[in-house]
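A.B. asks: If you read the sequence shown in our numbering, its first letter stands for residue 21, the second for the next number, and so on.
Using N, Cα and C, we set each Cβ at its ideal position, and we do this for glycine too.
This one's a predicted model, so the numbers in the text were calculated from it and none came from an experiment.
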Amino acid sequence: MKADAGTIIWVDNLRYGTVSEMGELAIRNLKAGTHKLRARLLGKSEVTQSFQIKANAPAAIQITFKLPPSAAEESFQKAESLREKGKHKEAIAEYQAALNHSKTLFTQARIGLARSLMASSEYEQAITEARRAAKEVAANTALAAEATTVVANTFRAQGLYEEAFENYRKALSLTRNISPEAHTGLALTYQEENKLEEAIQHFQSAVEQANETEPIIYYLLGNLLDREGKIKEAIATYETYLRLAPNSKFAVTTRSMLRQLKRDAR
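(1) Taking the alpha helix (DSSP H) that S225 falls in, what are its first and last residues?
(2) Helix, strand or coil: which one does DSSP assign to F71?
(3) Please report the Cβ distance between Q69 and L57, rounded to the nearest whole angstrom; I am assuming they are in contact, meaning their Cβ atoms lie under 8 Å.
(4) A99 CB to nearest chain C CB: under 8 Å?
(5) Looking at the strands, I want to know which residues DSSP matches up with E44.
(6) Decide if D284 is buried, meaning its Cβ has at least 16 other Cβ atoms within 10 Å, or exposed.
(7) Which residues share a DSSP beta bridge with T54?
(8) Output needed for R103: all residues of its chain with C-beta closer than 7 Å, excluding positions within five of it in sequence on either side, in chain order.
(9) For E183, collect the residues of the same chain with a Cβ closer than 7 Å to its Cβ; drop the 5 residues on either side in sequence, then sort them by chain order.
(10) Looking at C-alpha atoms only, which residue of H203, M138, L34, Y258 is the closest neighbour of V171?
(11) Report the rounded CA-to-CA distance for Q97 versus V39, giving the unit in angstroms.
(12) Could you work out which residue in A177, L262, S122 is closest to E142 when comparing CA atoms only?
(13) Below 8 Å, how does it come out for the region 111-127 and the region 81-88: are there three or more Cβ pairs, yes or no?
(14) In angstroms, rounded to a whole number, what distance separates the CA positions of G249 and M277?
(15) Name the DSSP bridge partner or partners of T38?
(16) Quick one: what's got a C-beta closer than 6 Å to A146's C-beta in the same chain, skipping five residues either side?
(17) Flag this pair as yes or no: are the beta carbons of I255 and K282 separated by less than 8 Å?
(18) Does M21 pass the burial test, meaning 16 or more other C-beta atoms within 10 Å, or should it be called exposed?
(19) Apart from the five residues just before and just after A271, which ones in its own chain have a Cβ nearer than 7 Å to its Cβ?
(20) Could you name the residues that DSSP lists as bridge partners for Q82?
(21) Could you please give me the residues that DSSP links to R60 through a beta bridge?
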């Protein structure tokens, strides 16, 4: 992908990362076929486009931003950036500004608002906003599923596991069982209930569907495989995590665990 530095890239609803100062982001594991791209750069209107990948043939996709953002989109972009930095109070204000500025439904902003409310322990408000978002876009199953997953996440954060299970399953039913976030949430909920085999199964589904875009799932899965005595699988999973996120905050700990596991496997 070629674009301005700092551009955030999604392909088929999976976030692949940020374009480097060199103006490129390499994505190496896309299957042949048609893919949907979404690109966001602070201060520019978001770009969406489709592109083709041919089997065994590299492709260079050029992304060009032509328009400035609307007032609503600018506030949304600021809110997303603030939320990712953990500045949820400021993010909430920007999400609300985005919703106030928008002349149409702005479901992505409402979902983001729900996420920041949950992170701020404003659980009742978070569920209200996420449910409202799901109703707004009932015909858009991807967004409705994301909103429903946020509802489930919020119940899980409160220890309300039955309600969490119900909403994760509802989210998956909307997307033909394809949602790395919902599978991860189910895995974490099963883990809380000490149902480790079920947790492992859902972590594995999340790994398969996320296409290496969420390294943390490998770390979480590796922990459970290690705990269950599945040493070879744990080693392979931790190695993938380190390949994808060699400088992450869990990398040093993972390398230490990996050395011990390899000694145990001899």
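C.D. replies: Quick look at the numbers:
(1) 216-230
(2) strand
(3) 5 Å
(4) Protein chain content of the structure displayed is limited to a single chain, and chain C is not contained in it.
(5) K22
(6) exposed
(7) Q72
(8) A111, G132, R135, S136
(9) F175
(10) M138
(11) 16 Å
(12) A177
(13) no
(14) 13 Å
(15) I28
(16) A134, L137, M138, T174
(17) yes
(18) buried
(19) L262, A265
(20) K22
(21) I28
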